[in-house]
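Colleague: Before I ask anything, here is the structure I am working with.
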Amino acid sequence: MNQSMKNDEEHASGTAGPHGELLLRTLAMPADTNPSGDIFGGWLMSQMDMGGAILVRELTRGRCVTVAVDAFKFHQPVKVGDVVCCHGRVIRIGTTSVTLKLEVWVKPRTPTGEPQKPTFQVTEANFTYVAVDEAGKKRPVPDSARAAG
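Counting from 62, one number per residue, gives the positions in the sequence shown under my numbering.
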């Protein structure tokens, strides 16, 4: 079995857990669905971007902007009522940029009285943010962020 297939099985079975700290937690609502009734992938991307920006803003002590997203992979759909949890960790800190590995894990909704189903991962991607000043110009990432990262 190749590594990609093994990873997909881990995502589907929920045997692996989230990596990184919990950055954002929200509820998937009916207004966020696509025409098939699943939660729209663009909404998930937006939640990841917000969660990542919170972490990077804290690390860089100021304004940051998203400059790149790569390697999005969707493993499973999200349903209305699921609790969406965005986890992230720093994978690189540059002179003016920070790259995060972000994951979205879901706590599925369950009808009242049923045991809680296990959480599972629905997507992941790398997000790169650049620290900017009030004029929108690149600024250095503080040394304290490099020490923390």
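Glycine included, C-beta positions come from ideal geometry on N, C-alpha and C.
Since the model is a prediction, treat every value here as computed from it, not as a measurement.
(1) Is it right to say L105 is buried, meaning 16 or more other beta carbons lie within 10 angstroms of its own, or is it exposed?
(2) Mark V165 as exposed unless 16 or more other C-beta atoms lie within 10 angstroms of its C-beta, in which case mark it buried.
(3) In this structure, what does DSSP give as the bridge partners for G149?
(4) Kindly indicate which three-state DSSP category T157 falls into: helix, strand or coil?
(5) Hey, quick one: how far does the beta strand (DSSP E) through D131 stretch, first residue to last?
(6) Sorted by chain position, which residues of the same chain lie with C-beta nearer than 7 Å to M90's C-beta, five sequence neighbours on each side aside?
(7) By the three-class DSSP mapping on this structure, what secondary structure does V117 have?
(8) In the structure shown, what three-state DSSP assignment does Q182 receive?
(9) State yes or no: is the C-beta of F101 within less than 9 Å of the C-beta of Q137?
(10) For the candidate residues S205, R207, K168 and V117, whose alpha-carbon lies nearest to that of R86?
(11) I need the boundaries of the alpha helix (DSSP H) containing R207, first residue and last residue.
(12) What is the DSSP secondary structure of G192, reduced to helix, strand or coil?
(13) Near H72, which residues of its chain fall below 6 Å by C-beta distance, leaving aside the five closest residues on each side in sequence?
(14) Once you ignore the five residues that flank A206 on each side, which residues in its own chain have a CB closer than 8 Å to its CB?
(15) Let me check understanding here. Comparing Cα to Cα, which of C147, D143 and V202 lies closest to L88?
(16) Could you please give me the residues that DSSP links to N187 through a beta bridge?
Modeller: Working from what's here:
(1) buried
(2) buried
(3) E82 and L163
(4) Reduced to three states, the DSSP call for T157 is coil.
(5) C125 to F135
(6) Taken in chain order, the residues that qualify are V141.
(7) helix
(8) strand
(9) No, these two residues do not count as a Cβ contact at 9 Å.
(10) K168
(11) D204 to A209
(12) One detail in the question is off: residue 192 reads as Ala in this sequence, not Gly. Three-state DSSP puts A192 in a strand.
(13) The predicted model places H72 with a pLDDT of 49, which falls under 50 and marks its position as unreliable; any figure quoted below should be read in that light. So the qualifying residues of the chain are H136 and Q182.
(14) L120, T121, R122, I154 and V159
(15) D143
(16) D131 and K162
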